[in-house]
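Protein sequence lines, in the order shown, are assigned to chains S and L.
First residue of the first sequence? That's 1 in this note's numbering, and the numbers climb one at a time after it.
First residue of the second sequence? That's 115 in this note's numbering, and the numbers climb one at a time after it.
What follows is one structure encoded as structure tokens, with my remarks underneath.
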Amino acid sequence: EAGVAQSPRYKIIEKRQSVAFWCNPISGHATLYWYQQILGQGPKLLIQFQNNGVVDDSQLPKDRFSAERLKGVDSTLKIQPAKLEDSAVYLCASSLAGGTGELFFGEGSRLTVL
Amino acid sequence: SQQGEEDPQALSIQEGENATMNCSYKTSINNLQWYRQNSGRGLVHLILIRSNEREKHSGRLRVTLDTSKKSSSLLITASRAADTASYFCATGIIEETSGSRLTFGEGTQLTVNP
Chain S
1 EAGVAQSPRY KIIEKRQSVA FWCNPISGHA TLYWYQQILG QGPKLLIQFQ
51 NNGVVDDSQL PKDRFSAERL KGVDSTLKIQ PAKLEDSAVY LCASSLAGGT
101 GELFFGEGSR LTVL
Chain L
115 SQQGEEDPQA LSIQEGENAT MNCSYKTSIN NLQWYRQNSG RGLVHLILIR
165 SNEREKHSGR LRVTLDTSKK SSSLLITASR AADTASYFCA TGIIEETSGS
215 RLTFGEGTQL TVNP
């Protein structure tokens, strides 16, 4: 069974530029999550989707971050314009039914903002 | 603030020794999970313990949960160099108003020296 796929693995941009990350969850997983992990810290939830609806986006900086999951399968996370403090690894995860069950993570997309 | 807090932040041991990591949390939980993260990789689920369970085993892993003290511990027995990684606890919480969420701690960096 294929795992959670993310791209790109690495991205370097200058501040005020934009960037987009893509995630394809495990087939059949209804719930998709985007986490931000700053170096040396634990993952922080940005947004949670159940199918193509948003369940929790309370910690998403909506002035610069946006995310969509149009067909309830893959998802895109966008940052525009990027700030230096956005340098982090962006992790996508999926789970079968949401709730508080086991999460399956992708390898992450490492963003460096110069 | 993070729901779970791991202790110690860093742990260095010799191969063959046991490693113990602790996690404390603040509110009532539905379950508690432990994840492992190798450098530059995504998180991998290790074990889940429900709030009505006190102890769980999986291979060389032993997890305990004390809901009265709001704490959990992860024991890795007979450690190997390949166990070198960051270990995160995650608390699963179900709230009436905001639904369910999984919140990660800051992690313990384990180094096993050969």
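The beta-carbon is built from N, C-alpha and C at its ideal position, and this holds for glycine as well.
Asked: Simplified DSSP state of S/L60, which is helix, strand or coil; Found: coil
Asked: Buried or exposed (CB count within 10 angstroms, at least 16 for buried), L/Q123; Found: exposed
Asked: Identity of the residue in S/S75, S/G101, S/Y90, S/T112 nearest S/P25 by Cα; Found: S/S75
Asked: Continuous beta strand (DSSP E) stretch holding S/K115: start and end; Found: Because chain S is modelled from 1 through 114, residue 115 of chain S falls outside the range shown and cannot be assessed.
Asked: Members of the segment 155-187 of chain L that neighbour chain S once the beta carbon cut-off is set at 8 Å; Found: R155, G156, L157, V158, H159, L162
Asked: Cβ-based neighbour list, S/N51, same chain, cut-off 6 Å, excluding 5 preceding and 5 following; Found: A30, G72
Asked: Per-residue burial, S/L60 [other beta carbons within 10 Å of its own, 16 or more giving buried]; Found: buried
Asked: The segment 175-187 of chain L contacting the segment 140-152 of chain L, beta-carbon criterion three pairs below 8 Å; Found: yes
Asked: L/S187 and L/N136 closer than 9 Å at C-beta; Found: yes
Asked: Chain S within 9 Å of L/S115, Cβ atoms only; Found: Summary for L/S115: the model assigns pLDDT 44, below 50, so the residue's position carries little reliability; its value from the coordinates is reported in the next sentence. L/S115 does not count as touching chain S.
Asked: Distance CB(S/Y90)-CB(S/S66) smaller than 9 Å; Found: no
Asked: Short Cβ contact (9 Å threshold) for S/Q48 with L/R215; Found: yes
Asked: CB contact check: S/F105 to chain L, cutoff 9 Å; Found: yes
Asked: Interface positions of the segment 32-63 of chain S facing chain L (Cβ-Cβ less than 7 Å), listed along the chain; Found: Q41, G42, P43, L45, V55, D56
Asked: Any chain L beta carbon closer than 9 Å to S/T112; Found: no
Asked: Start and end residues, beta strand (DSSP E) containing L/Y201; Found: 199-209
Asked: Buried versus exposed call for L/D197 [16 or more other C-beta atoms within 10 Å across all chains shown]; Found: buried
Asked: Chain-order list of residues whose beta-carbon lies under 8 Å from that of S/D57 (same chain, five-residue window excluded); Found: L46, I47, Q48, A67
Asked: Contact under 9 Å by Cβ, S/G101 with L/L125; Found: no
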